[in-house]
Amino acid sequence: MANVGKNIRLIRKQKNMTQDTLAELLYVSRQTVSNYETGRSNPDIDMLVKIAEVLQTDVNILIFGFPVPLSRKREYIKLGIAAVFLMAFVFLFMRLSSWETVWRRDRFDLGLMFALHLLFRPALYLMGGWTVMQGISLLWRINRQSGRIFVAVYQGTVILLGIYLILTIPYCVMRLYVSWQMTRVSDFSAIPYFLPEFWQSAVLWIWMNILLKFSTGFFLLGFVLWNGQGERPGTSDGE
224 MANVGKNIRL
234 IRKQKNMTQD
244 TLAELLYVSR
254 QTVSNYETGR
264 SNPDIDMLVK
274 IAEVLQTDVN
284 ILIFGFPVPL
294 SRKREYIKLG
304 IAAVFLMAFV
314 FLFMRLSSWE
324 TVWRRDRFDL
334 GLMFALHLLF
344 RPALYLMGGW
354 TVMQGISLLW
364 RINRQSGRIF
374 VAVYQGTVIL
384 LGIYLILTIP
394 YCVMRLYVSW
404 QMTRVSDFSA
414 IPYFLPEFWQ
424 SAVLWIWMNI
434 LLKFSTGFFL
444 LGFVLWNGQG
454 ERPGTSDGE
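Per my numbering, the very first residue in the sequence shown carries number 224; after that it's consecutive.
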């Protein structure tokens, strides 16, 4: 019954009722109601029944609170899954970073480094941004907002991320392929680079001019993707 006082206070305020009014209807002092709500004392079963009748609610709601709507349960489940994936991704990133340091030192190869910083790091920031916003939304009950401007930003973000993936994934695959071949041959000059030079130059330009300076911007993109298309006007999340 630890939350009984909070539930009484919440329902009383929903009914636009003061502590004095509730006390008069219950034939107790205002201080007694205050003690109930602050947890200094707990009402017995008979008093709980009276409070439920006065507040026009159910005793179970006074004891356990309002049931979590199904839509919000799904949001909690999504947050839990995202948090697990984020922790696993952080662990994987840390492990790969340690391997990358050894590989770069022993082989003088940058393939794994490019894969980490062009793919893993942005993905980590994106996932982190989405997860943080999901947690904040559940804590503060912030809803996804709709609007033409934000939908346009969302759609533009998806397009830019698509272009980014089209550019970087083939390049990272090539670099990892070269790194793998380096473990098998001694003549590194014979390893084929199956992407044209302009493609590699484009990826390196992104790396030097964008990611090194604005890598944490992917965290904000995670927020944009969390918001998605937004809630349509007149809809609610079941609260």
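Glycine included, C-beta positions come from ideal geometry on N, C-alpha and C.
Expressed to the nearest angstrom, what Euclidean distance is found between the alpha-carbon atoms of residue i and residue j?
i: P266; j: I231; result: 11 Å
i: W187; j: I382; result: With the chain represented from 224 up to 462, any question about residue 187 goes unanswered, as that position is not in the structure.
i: L249; j: D269; result: 11 Å
i: L285; j: A275; result: 7 Å
i: T280; j: S264; result: 21 Å
i: V447; j: V313; result: 21 Å
i: F421; j: W449; result: 34 Å
i: L278; j: L361; result: 27 Å
i: G358; j: L233; result: 22 Å
i: T380; j: I429; result: 16 Å
i: L335; j: V307; result: 24 Å
i: V376; j: G228; result: 44 Å
i: V325; j: G303; result: 34 Å
i: R455; j: K296; result: Confidence at R455 is low in this model, with a pLDDT of 44, below 50, so the placement of that residue should be treated as unreliable; the coordinate-derived value is given next. Each residue's alpha carbon lies about 20 Å from the other.
i: A305; j: F343; result: 16 Å
i: R328; j: A338; result: 16 Å
i: N384; j: L399; result: Sequence inspection shows Leu at residue 384; the Asn mentioned does not correspond to that position. Whole-angstrom Cα-Cα distance: 21 Å.
Which of the three DSSP states is assigned to residue i in this structure?
i: V251; result: coil
i: L361; result: helix
i: K301; result: helix
i: V401; result: helix
i: R318; result: helix
i: R263; result: coil
i: Q237; result: helix
i: T324; result: helix
i: D281; result: coil
i: N258; result: helix
i: N226; result: coil
i: M288; result: According to the sequence shown, residue 288 is Gly rather than Met. Three-state DSSP puts G288 in coil, outside helix and strand.
i: P419; result: coil
Among the residues of its own chain, which have a CB less than 6 Å from the CB of residue i, if the five just before and after it don't count?
i: L388; result: none
i: Q237; result: none
i: D341; result: Before going further, note that residue 341 is Leu rather than Asp in the sequence given. Contacts found: T391 and C395.
Apart from the five residues just before and just after residue i, which ones in its own chain have a Cβ nearer than 8 Å to its Cβ?
i: G351; result: L309, F442 and G445
i: Q242; result: R235, R253, V256, S257 and E260
i: L390; result: W422, A425, V426 and I429
i: W322; result: L335
i: E298; result: Q357, S360, L361 and D460
i: M240; result: L278
Give me, in chain order, the residues of the same chain whose beta-carbon lies closer than 7 Å to that of residue i; leave out the 5 immediate sequence neighbours on both sides.
i: Q423; result: Y394
i: A246; result: S252, R253, T255 and V256
i: G288; result: N226 and N230
i: G440; result: none
i: K273; result: L249
Beta carbon of residue i: closer than 7 Å to some heavy atom of the ligand MN?
i: F442; result: For the structure depicted, the ligand MN is absent and the ligand set is empty, with no information on it obtainable.
Could you check whether the segment 248-266 touches the segment 315-327, counting it as contact only if at least three pairs of C-beta atoms, one from each stretch, sit closer than 8 Å? No, because fewer than three Cβ pairs between the segment 248-266 and the segment 315-327 fall closer than 8 Å, the two stretches do not touch.
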